[in-house]
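The sequence shown begins at 17 in my numbering and counts up one residue at a time.
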Amino acid sequence: MKSAKELQKELTYSVGHISKTNPEMWAKSVDFCEAYKDFLSNSKTERESVSNIIEMAKANGYEEYCPYKKYNAGDKVYINNRNRALMLSTIGQLTVDNGTHIVASHIDVPRLDLKPMPMYESSEIGYLKTHYYGGVKRYQWAAMPLAIHGVIYKEDGSFETLNIGENENDPVFYISDLLPHLAKDQRERKMNDVLRGEEMNVIVSSLPFTGEGADEVSEAVKLATLVYLNETYGLTEKDFLRAEIEVVPAGKARDVGFDRSMIAGYGHDDRVCAYTSLMAELETKNPTKTTVTIFADKEEIGSAGATGLCADYFINYIHNLALMQGVNGYVALNQSKCLSADVGAAYDPTFADAYEARNSCYINKGAVLTKYTGSGGKGGTNDCGAEFMAEMIALFDEKGVCWQSQELGKVDQGGGGTVARYIAEADVTTVDIGVPVISMHAPWELVSKLDVYATYEAFVAFLNR
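Written out as structure tokens, the structure is:
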């Protein structure tokens, strides 16, 4: 008869720290994450992400997709959706009615968008009014250095790209908070109202216009700011109506800890999955099945609009490939498999009450495979079937991928969703997988380098099945 210890080892299941179970991964993860930090620091908007990914794709042999061209196995294409979403694809040896391998991440991130008419002056301070985007704790955005990124189209059809606050010689911008000495009433506010939406006004200037006739105008600080923008970028106030401008945290991603084992940065959710899937896609040479690596927009606000995954652009691409190959596009979708590449909520012992420890994911234990997300009674989720869970677990175990599972916090604590449900609604078998994140949706989030590399290995295994 087996001993209790033997039976316990044989019958129970636990996941260990990667540095103990796979010590050789540390050096690989350090090298991999140096390039990831650069990507994260230089891709703070959807447009910047798309531009950087296209540049990397072209350097690796990808060409812009043409729906009227015939492609052969091994050909690599990219599909640019309005400069805010993107797909990369490597044509497989089999026709697409045998299925495709899809990895779908998103490149939009919680932020502050400028309102259409943002500029105003109050008490001789110049401000820009904002409208927050996605699920944010608004108070986290006060009293920290901010940068301005975006694009402004002019009346003549030309455009200006803004990126102010990232260079060490640039100015930064700022949202004020109330000093504690006078915060008696503010302390009575509930957390959601500590900083209200209409109080998220970005300070951009404080010197008035001093040129000829200065005494004859009101709002001289606003005027001085407009003069600067006009002289520097050729802009007028009306041009803001033709703009997409985002206010984001200023600064580069940084190593965290004496051991440099973690990375703090803006936008890990979900650009860490975008980067890891990108690198896996770039390295895919001649796959059996066609790969489709999606970098979607608008996930943080429900995947709406022409660049979100509620739109049909990835479905249209599959149908176009099927038409080119003379096969059925509906069969292609039905036979396809997808990894919805999105981050998990890593267990945070400081706030342990929000988590169910046995069913949480942890940093340094690998990519997190998530059967379902949602809230309450699994509302708003794709609940992956046991068959695909078993298939992915077998694949990752066979390829030596470090992985774990999770549920998104306690059942009644809150919840959230991913793009998985929208891919699944196109008749594609889908499951979520990604990197565990601490302080998700904060201006600066935290990930483990080991988990980043493990997630990359998961995507490599899937795309090259």
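Cβ coordinates follow ideal geometry from the N, Cα and C atoms, glycine included.
Inter-residue Cα distance where the pair is L26 and K18: Strictly speaking, residue 26 in this sequence is Glu, with Leu absent from that position. E26 and K18: Cα-Cα distance of roughly 10 Å.
Exposed unless 16 or more other CB atoms sit within 10 angstroms - verdict on T366: With a threshold of 16 other beta carbon atoms within 10 Å, T366 falls short and is exposed.
Boundaries of the alpha helix (DSSP H) in which D68 is found, first to last residue: The identity of residue 68 in the sequence shown is Asn, whereas the question assumes Asp. In the DSSP assignment, N68 falls within the unbroken alpha helix (DSSP H) covering E62 to A75.
Among N58, L104 and V66, nearest to E79 - alpha-carbon criterion: That would be L104, whose Cα lies nearest to the Cα of E79.
Contact the segment 437 to 450 vs the segment 379 to 398: 3+ CB pairs below 8 Å: Segments in contact, yes.
Neighbourhood of P452 by C-beta, 6 Å cutoff - its chain only, sequence neighbours within 5 removed: Listed in chain order, the non-local C-beta contacts of P452 below 6 Å within the same chain comprise G360, A362, C377, I379, V384 and D467, local neighbours out to five positions each way being set aside.
Beta bridge counterpart(s) of G281 as assigned by DSSP: Note: G281 sits in a beta bridge opposite E461.
M133 - containing beta strand (DSSP E), residue span: For M133, the enclosing beta strand (DSSP E) covers residues R127 to S138.
T366 in three-state terms, based on DSSP: Helix.
Paired residues, beta bridge with G229 - DSSP: According to DSSP, which records beta bridges pairwise, G229 is partnered with nothing at all.
For G345, the first and last residue of its enclosing alpha helix (DSSP H): Residues G345 to N350.
Whole-number beta carbon distance between N217 and I180, since they are thought to touch under 8 Å: 17 Å between Cβ atoms; not a contact.
Completely contained alpha helix (DSSP H) runs for the segment 260 to 315, where each covers 4 or more residues: If you keep only unbroken alpha helix (DSSP H) runs of at least 4 residues inside the segment 260 to 315, you get 284 to 298.
Rounded C-alpha distance that separates E414 from A458: If you take the alpha carbons of E414 and A458, they lie about 36 Å apart.
Spatial neighbours of A338 in its chain, beta-carbon cut-off 7 Å, leaving aside the 5 residues before and after: Same-chain partners within the cutoff: V112, D113, N344, G345 and A348.
Where Y149 falls: helix, strand or coil (DSSP): In this structure, Y149 counts as strand in the three-state DSSP scheme.
Reference K301, options N480, V188, L56 and P224, closest by Cα: Closest option to K301, Cα to Cα, is N480.
Spatial distance of N96 from I331 (CA atoms): Straight-line Cα distance between these residues: approximately 15 Å.
Element boundaries [alpha helix (DSSP H), containing I485]: No answer is possible for residue 485: it lies beyond the span of the chain, which begins at 17 and ends at 481.
Test item: CB-CB of Y469 and S45 under 8 Å: In contact: Y469 and S45 (Cβ atoms closer than 8 Å).
Start and end residues, alpha helix (DSSP H) containing K25: Annotation: the continuous alpha helix (DSSP H) that includes K25 extends over A20 to L27.
Three or more C-beta pairs below 8 Å linking the segment 268 to 283 and the segment 48 to 61: Yes, the segment 268 to 283 touches the segment 48 to 61.
Contact under 8 Å by Cβ, I168 with I261: Using a Cβ distance threshold of 8 Å, I168 and I261 count as a contacting pair.
CB contact flag (L162, V188, <8 Å): Yes, these two residues count as a Cβ contact at 8 Å.
Local Cβ density within 10 Å of C4, reported as buried at 16 or more and exposed below that: The shown model of the chain, from 17 to 481, leaves out residue 4, and the question about it has no answer.
Unbroken alpha helix (DSSP H) run spanning T241, endpoints: Where T241 is concerned, the enclosing alpha helix (DSSP H) stretches over A236 to Y249.
Nearest-angstrom Cα separation, counted from G273 out to K314: If I take the Cα positions, the gap works out to 33 Å.
Sequence-distant residues of its chain with Cβ nearer than 7 Å to S221 (five each side left out): Excluding five sequence positions before and after S221, the CB atoms of its chain that fall closer than 7 Å to its own CB belong to G142, V237, A240 and T241, given in chain order.
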